[in-house]
Amino acid sequence: TENYLLGVGRADCTGPVAQIPLMGYANPEQEGGGLLTRLYSRAFIVANLDGSRRVLFVSADIGMVSQRVRLEVLKKLKSKYGDLYRQDNVILSGTHTHSGPGGYFQYTLFWITSKGLIRPSLNAIMNGIIKSIDIAHQNMKKGRLFINRGTVENSQINRSPFSYLENPASERSRYSSNTDKEMMLLKMVDVNGEELGLISWFAVHPVSMNNTNRLVNSDNMGYASYLFEREKNKGMLTGEGSFVAAFASSNLGDVSPNTKGPFCVNTGESCNNPQSTCSVGGATMCMATGPGNDMFESTRIIGQNIYMKAKELYEKASQEVTGPLSSAHQWVNMSDVSVELNATHTVKTCKPALGYSFAAGTIDGVGAFNFSQGSVDGDPFWDGIRDQLLGEPSNETKACHKPKPILFSTGEMTRPHPWHPDIVDVQMAAIGSLAIIAVPGEFTTMSGRRLREAVKREFEAHGTARMDVVIAGLCNVYTHYITTYEEYQAQRYEAASTIYGPHTLAAYIQLYRGLARAIATNTVQDLPRGTEPPVFNIGNLTLVPALGADRVPLNKTFGDVLQEVRQQYRTGEVAEVTFVGANPRSSAENATEHNFLTVERYSKTSASWHVVENDASWDTRFYWTKGLLNQSKVTIEWHIPPGTEPGEYRIRYFGHYRKKLSNNHAITIPFEGKSSVFEITTL
3 TENYLLGVGR
13 ADCTGPVAQI
23 PLMGYANPEQ
33 EGGGLLTRLY
43 SRAFIVANLD
53 GSRRVLFVSA
63 DIGMVSQRVR
73 LEVLKKLKSK
83 YGDLYRQDNV
93 ILSGTHTHSG
103 PGGYFQYTLF
113 WITSKGLIRP
123 SLNAIMNGII
133 KSIDIAHQNM
143 KKGRLFINRG
153 TVENSQINRS
163 PFSYLENPAS
173 ERSRYSSNTD
183 KEMMLLKMVD
193 VNGEELGLIS
203 WFAVHPVSMN
213 NTNRLVNSDN
223 MGYASYLFER
233 EKNKGMLTGE
243 GSFVAAFASS
253 NLGDVSPNTK
263 GPFCVNTGES
273 CNNPQSTCSV
283 GGATMCMATG
293 PGNDMFESTR
303 IIGQNIYMKA
313 KELYEKASQE
323 VTGPLSSAHQ
333 WVNMSDVSVE
343 LNATHTVKTC
353 KPALGYSFAA
363 GTIDGVGAFN
373 FSQGSVDGDP
383 FWDGIRDQLL
393 GEPSNETKAC
403 HKPKPILFST
413 GEMTRPHPWH
423 PDIVDVQMAA
433 IGSLAIIAVP
443 GEFTTMSGRR
453 LREAVKREFE
463 AHGTARMDVV
473 IAGLCNVYTH
483 YITTYEEYQA
493 QRYEAASTIY
503 GPHTLAAYIQ
513 LYRGLARAIA
523 TNTVQDLPRG
533 TEPPVFNIGN
543 LTLVPALGAD
553 RVPLNKTFGD
563 VLQEVRQQYR
573 TGEVAEVTFV
583 GANPRSSAEN
593 ATEHNFLTVE
603 RYSKTSASWH
613 VVENDASWDT
623 RFYWTKGLLN
633 QSKVTIEWHI
643 PPGTEPGEYR
653 IRYFGHYRKK
663 LSNNHAITIP
673 FEGKSSVFEI
683 TTL
């Protein structure tokens, strides 16, 4: 028998693939220069049979959901659907890929690293999220939900193991590992047994692609989605087909997929020490790498591991989810929460601030200035520069954050707009026995364990036993990291980025227990709503270069081939062609569903060309290189997979060039190019 109405949807949310800083490593030099695979928003609606109660979960292939994205999406949902989708029952989560375009933030700190508020980027994410929700909403079917959980091996390491060791030995002894290896999976089928989709939650950073990468992509989690959707939507191109598989983020704060661990790039020695520093060259030399020979292979290996476990859990899922739907949401001023640790002891959170080790980065992506992790002392040189440029932190903030040496007192920086949020979303949804905790940032392994346990206990204390509790990461607004009080003392990157001070986790546990209590006792309507966050009027000033008119070399035209393919390839080789190109941003701003390339096979029977791959495929790579005087080149690679059918093939490129008219208006004109025909042989 069916228990719920279910709807799933997927939509492209890629945005501009060139000249926009990629969001994640906070390296303004790392900007987009092409496309490895498209980014998608995946939406899942669970409603009771009369449709009166709903929970909507969205996982988008973006670094994190920003407050600006959330506020604008909810405004749009209200105008479309009235009160069906609201602050309390809409969870927006980011997968945390570090290879998606940035520029969709309103708080100054993030807007500095992504060169402003970039409308095309913000709009692509918003429109993609809304479109995925529309598709899910329009395709609701009666169906059933199943849940399963299992262990994923060989896919994570703890990247701050010395911080983890600060947690009490009695607590650590209850766990077999310093990362959470458990995957939680929710399977959706309709009443006829037709498969609709799945959501998997697993804690690992999607940073298999490192900070030298310039191609927009969804990293290891996106690769897992790609494999699952390709298997279920047989015969379809990537991004097409009705089955939707989301691999969502969880408490991944201190979890890296770079399983070979940290080594000094220059000497090859291990730098697995509390400061992640090298004897020659310091902290900037300490980098972790994945299991593969390069970042592309590492992404596939980790993604494949995650996919294989999800496939097994999906096929064996038999525990059915039944019961009522409920959801709770509050806006909380996180810079001013009083936490009762016990009957006699109350502590407070702080105004946001980042510590020195924030500038050190992590073993997945080091900082620029040779700061090292684990620093509990400031440096007069950097302090002096900071005081001149940004102002000195107040004594109150310094004392509140101890032992963190403050680099940026963001909570006291308000020009031109606040640098960090004060008002933060806390949210929880229950689908029968499954409680989803939507957290606004990156909880570490142990922080996540404490939070899940506290929420589970709260449900039990109010008569709801055996809840399955899962953390959905990077939801609603970005507030960096949340470490335990003990990990905070070590002041590595994650602790330095715990912006509301040492008692941040205790405050969240208190708040989420309150949400769990309200859901368990059916008193959600009595929860205080809190203060709505501000929306800043940010102009269109960005450091992204303006789009000029595209130009071509002498005697050439857009789409001409500059470097041709070979005549023959075998599987496992790379077919490559270079064209006279144009700025891909011109395409993004003109066509939401624009596809930059196709690989086509000639069919003798129908005497016509058939598309076998598009630009969303992980086997194709689209590189854009800017030349002088607004000229540009596009190189397309097809990494021919094993099992490719022999025959005749060609590669096509689709672009748009911008042309200035005499009246100073610009128009955008589509063009295409194609390679000559090449043969794939099995020899």
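Mapped onto this note's numbering, the consecutive letters of the sequence shown carry residue numbers 3 to 685.
Every residue, glycine too, gets a C-beta built ideally from N, C-alpha and C.
Assuming residue 130 contacts residue 102 (C-beta within less than 8 Å), just tell me the rounded distance between them. Within the sequence shown, the letter at position 128 stands for residue 130. Within the sequence shown, the letter at position 100 stands for residue 102. About 11 Å; that fails the 8 Å criterion.
Length of the line joining the Cα atoms of residue 53 and residue 9: Residue 53 sits at position 51 when you count from the first residue of the sequence shown. Residue 9 sits at position 7 when you count from the first residue of the sequence shown. As the crow flies, the alpha-carbon of residue 53 is around 11 Å from that of residue 9.
Is the region 270-290 in contact with the region 383-403, if contact means three or more CB pairs nearer than 8 Å? No contact exists between the region 270-290 and the region 383-403.
Within the continuous alpha helix (DSSP H) that includes residue 402, where are the two ends? Residue mapping note: residue 402 aligns to position 400 of the sequence shown, counting from 1. Its alpha helix (DSSP H) spans residues 397-403.
Cβ pair residue 212, residue 307 closer than 8 Å: To locate residue 212, count along the sequence shown from 1; it is residue 210. To locate residue 307, count along the sequence shown from 1; it is residue 305. Contact flag unset, no.
In the DSSP assignment, what are the bridge partners of residue 650? Along the sequence shown, one-based indexing puts residue 650 at 648. Beta-bridge annotation (DSSP): residue 650 is paired with 681.
On the DSSP bridge assignment, give the partners of residue 185 in chain order. Taking the sequence shown and counting its residues from 1, one reaches residue 185 at position 183. The secondary-structure analysis by DSSP pairs residue 185 across a beta bridge with 152.
What whole-angstrom Cβ distance do residue 75 and residue 25 have, given they're in contact under 8 Å? As a first step, residue 75 is located in the sequence shown; it is residue number 73 there, counting from the start. As a first step, residue 25 is located in the sequence shown; it is residue number 23 there, counting from the start. Residue 75 to residue 25, Cβ: 17 Å. No contact.
I need the boundaries of the beta strand (DSSP E) containing residue 14, first residue and last residue. Here residue 14 corresponds to residue number 12 of the sequence shown, with the count starting at 1. 6-14 is the span of the beta strand (DSSP E), which, as asked, contains residue 14.
Unbroken beta strand (DSSP E) runs of length 3 or more, entirely within the region 44-104: which are they? As far as the region 44-104 is concerned, its whole beta strand (DSSP E) runs of at least 3 residues are 56-62, 92-96.
What are the start and end residues of the beta strand (DSSP E) that includes residue 247? Locating residue 247 in the sequence shown gives position 245, counting from the first residue. That run of the beta strand (DSSP E) goes 246-250.
Please name the residue or residues paired with residue 430 in a DSSP beta bridge. In the sequence shown, counting from the first residue as 1, residue 430 sits at position 428. Answer is 330, 439, bridged to residue 430.
Counting only runs of 3+ residues fully inside the region 332-375, write out the beta strand (DSSP E) ranges in chain order. Complete beta strand (DSSP E) runs here, min 3: 340-342, 348-350.
What number of angstroms, rounded off, separates the C-alpha of residue 270 from the C-alpha of residue 264? Taking the first residue of the sequence shown as position 1, residue 270 is located at position 268. Taking the first residue of the sequence shown as position 1, residue 264 is located at position 262. Each residue's alpha carbon lies about 9 Å from the other.
First and last residue of the alpha helix (DSSP H) that includes residue 482? Residue mapping note: residue 482 aligns to position 480 of the sequence shown, counting from 1. Counting along the chain, residue 482 falls outside any alpha helix (DSSP H), and DSSP gives it neither H nor E.
Using 8 Å as the Cβ pair cut-off and three pairs as the minimum, do the region 33-41 and the region 496-516 touch? Flag = no, the region 33-41 and the region 496-516 do not touch.
Classification of residue 346 by the beta-carbon crowding that lies within 10 angstroms, buried from 16 upward: In the sequence shown, counting from the first residue as 1, residue 346 sits at position 344. Here residue 346 is exposed, its C-beta having fewer than 16 other C-beta atoms within 10 Å.
Report the rounded CA-to-CA distance for residue 455 versus residue 151, giving the unit in angstroms. Numbered from 1 along the sequence shown, position 453 holds the residue referred to as residue 455. Numbered from 1 along the sequence shown, position 149 holds the residue referred to as residue 151. Cα to Cα, the separation comes out at about 17 Å.
Closest Cα partner of residue 235 within the set 196, 523, 446, 342: Here the question's residue 235 lines up with position 233 in the sequence shown. Per the C-alpha coordinates, the member of 196, 523, 446, 342 positioned closest to residue 235 is 196.
Among 369, 533, 78, which has the Cα closest to the Cα of residue 136? Position 134 of the sequence shown, counted from the first residue, corresponds to residue 136. Across the set 369, 533, 78, the C-alpha of 78 shows the shortest separation from the C-alpha of residue 136.
Start-to-end residues for the beta strand (DSSP E) that takes in residue 604: Start at 1 with the first residue of the sequence shown, and residue 604 comes out as number 602. Residues 599-605.
Do you know how far the Cα of residue 110 is from the Cα of residue 469? Within the sequence shown, residue 469 is the residue found at index 467, counting from 1. Within the sequence shown, residue 110 is the residue found at index 108, counting from 1. Pairing residue 469 with residue 110, the inter-Cα distance amounts to about 39 Å.
Can you confirm whether the region 182-190 touches the region 135-149 when touching is taken to mean that 3 or more C-beta pairs between the two stretches lie within less than 8 Å? Of all C-beta pairs linking the region 135-149 to the region 182-190, three or more are shorter than 8 Å, placing the two stretches in contact.
I'd like to confirm the pairing. Which residues does DSSP put opposite residue 570 in its beta bridges? Start at 1 with the first residue of the sequence shown, and residue 570 comes out as number 568. Paired residue(s): 681.
Straight-line CA distance for residue 467 to residue 461? To locate residue 467, count along the sequence shown from 1; it is residue 465. To locate residue 461, count along the sequence shown from 1; it is residue 459. Between the alpha carbons of residue 467 and residue 461 lies a distance of about 6 Å.
In three-state DSSP terms, what is residue 533? Along the sequence shown, one-based indexing puts residue 533 at 531. Shown here, residue 533 sits in coil according to DSSP, grouped into three states, outside any helix or strand.
Can you list, in chain order, the residues of its chain with a C-beta nearer than 8 Å to that of residue 396? Leave out the 5 residues immediately preceding and following it. In the sequence shown, the residue the question calls residue 396 occupies position 394. These residues qualify, in order along the chain: 411, 414.
Should residue 576 be labelled buried (16 or more other beta-carbon atoms within 10 Å of its own) or exposed? Locating residue 576 in the sequence shown gives position 574, counting from the first residue. Label assigned to residue 576: exposed.
Would you say the region 203-222 touches the region 243-254, given that touching needs at least three Cβ pairs under 8 Å? The region 203-222, when compared against the region 243-254, does touch it at the 8 Å Cβ threshold.
Taking residue 573 and residue 646 to be in contact with their CB atoms under 8 Å, please state how far apart those CB atoms are, rounded to whole angstroms. As a position in the sequence shown, residue 573 is number 571, starting the count at 1. As a position in the sequence shown, residue 646 is number 644, starting the count at 1. Correct: roughly 5 Å between the Cβ atoms.
Helix, strand or coil: how does DSSP classify residue 456 here? As a first step, residue 456 is located in the sequence shown; it is residue number 454 there, counting from the start. The answer is helix: DSSP assigns residue 456 an H, G or I state.
Looking at the secondary structure, which residues open and close the alpha helix (DSSP H) in which residue 291 lies? If you number the sequence shown from 1, residue 291 lands on position 289. Element bounds for residue 291: not the alpha helix (DSSP H) but the beta strand (DSSP E), 288-291.
Count the other CB atoms, across all protein chains shown, that sit within 10 Å of the CB of residue 355; report buried if there are 16 or more and exposed otherwise. For the purposes of this step, residue 355 is identified with residue 353 of the sequence shown, where counting begins at 1. That one is buried.
Taking DSSP as the reference, what is the three-state secondary structure of residue 673? For the purposes of this step, residue 673 is taken as the residue at position 671 of the sequence shown. Of the three classes helix, strand and coil, the one that applies to residue 673 here is strand, per DSSP.
On the three-state DSSP scale, how would you describe residue 177? Within the sequence shown, the letter at position 175 stands for residue 177. Residue state for residue 177 is assigned as coil, using DSSP reduced to three classes.
Cα-Cα, which of 72, 114, 58 is closest to residue 87? The residue given as residue 87 occupies position 85 in the sequence shown. For residue 87, the nearest C-alpha among the options comes from 58.
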